[in-house]
Structures are given as C-alpha cells and as structure tokens.
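Below is one structure, written out as structure tokens, with a few remarks after it.
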Amino acid sequence: MAPVTAGPAQAAAPGLLRRLAAMLYDALALFGVLVVATSLIILPAGIVFDHQVRSESPWFRLYLLGIIVGYYAWPWIKGGQTLGMRAWRLRVVRADGGGLRLPDALLRLAAAVLSWMVVGLGFLWVLVDRDGLAWHDRLSRTRLVLLLPSKPKTST
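Using the numbering used here, the first residue of the sequence shown is number -13, and each one after it goes up by one.
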C-alpha cells in the first residue's frame, strides 16, 4: 500500500472534483464490465437456448447488481481502491485507518446510493463538512484519503 498524506485521523480529505473524477472513471470502467457481463448471459442464451433473456427478469437484475457490488466491494476490501480511485490517488479506509471489511464495504456502497438519491446532495456535502466528508463517509464510518504521488523508479 502507498503511504497516505498523514495519519488516518488527520489525512487530507480529497476535494469534490477529485472524487467526481474518480467516480466518472469508475462509471466508465463499470459500464464496460456490465457490457461484458451482459454479453456473457445474452449471447449464449440466444445462440444455445434459442430464447431471449429479458431485462425485466429479477434474476438478471440480481446478477447485474452482484456485478456492481463486486466491482466496488472487492477492490475496497482487497486494497482500498477501485480503478478510478487508483488513477486519482484515493484510498478508502475505516475511520480508525484500517482497511475495509465486507460489512464496511456494503454499508459504504448502500450509503453512497443514498447520497445520490437526493440529487447528489450527499456528495456535495464535502463542500461544507468540517472534515470534508460526504454523507456516505459519515454513515459508513469510512473516509477517503489522498495518497502521496509515487516516486518514479530509477533503473540502475
């Protein structure tokens, strides 16, 4: 893991633009993952079984929801960073500075959905919060920290 800018309690919280840039990056990557995941179900069903998979199917929707949850939860648990967070030098940690566990990741994801459901006000909250935290940071007792830039490796 790369070092953070300070200890977990006093690490600088990333600004709104950096958060939004990481979210856009992840949205694009997730879109690609969902296209592939959908193709893995729809193409064989149409070719092999000669019938269509309906997007209204609760099983198909559950499958896609599992892909979305896995896209965020797995990297948060394993290293604290999704692809977009890695690109923008962000890491998610618990309030005590430790890595996320499955319940932490699921709670953060559910709370982030809540932050979006109110027209994104939960994300805009970072502009007025004394610690620069969004609603889902507070609700899940997690936070984003800004990582120091990595030094380029020199070859000898």
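By construction, the Cβ of each residue, glycine as well, lies at the ideal position given by its N, Cα and C atoms.
All values derive from a computational prediction rather than experimental measurement.
| Check | Outcome |
| --- | --- |
| Does the beta-carbon of P135 have 16 or more other beta-carbons within 10 angstroms, so that it is buried, or is it exposed? | exposed |
| Beta-carbon within less than 7 Å of D117's beta-carbon, same chain only, minus the 5 sequence neighbours each way: which residues are those? | A(-1) |
| Return helix, strand or coil for R127, following the three-state DSSP convention. | coil |
| In chain order, what residues of the same chain lie with their CB nearer than 7 Å to the CB of D12, ignoring the 5 residues before and after it? | T68, L69 and G70 |
| Can you tell me the Cα-Cα spacing of R127 and Y49, whole angstroms? | 28 Å |
| Given G66, which residues of its chain have a CB within under 8 Å of its CB, disregarding the five upstream and five downstream residues? | M(-13), R77, V78, V79, G85 and L86 |
| Using a 10 Å radius around the Cβ and a threshold of 16 neighbouring Cβ atoms, would you call F208 buried or exposed? | Residue numbering for the chain in the displayed model covers -13 to 142; residue 208 lies beyond these limits and cannot be assessed. |
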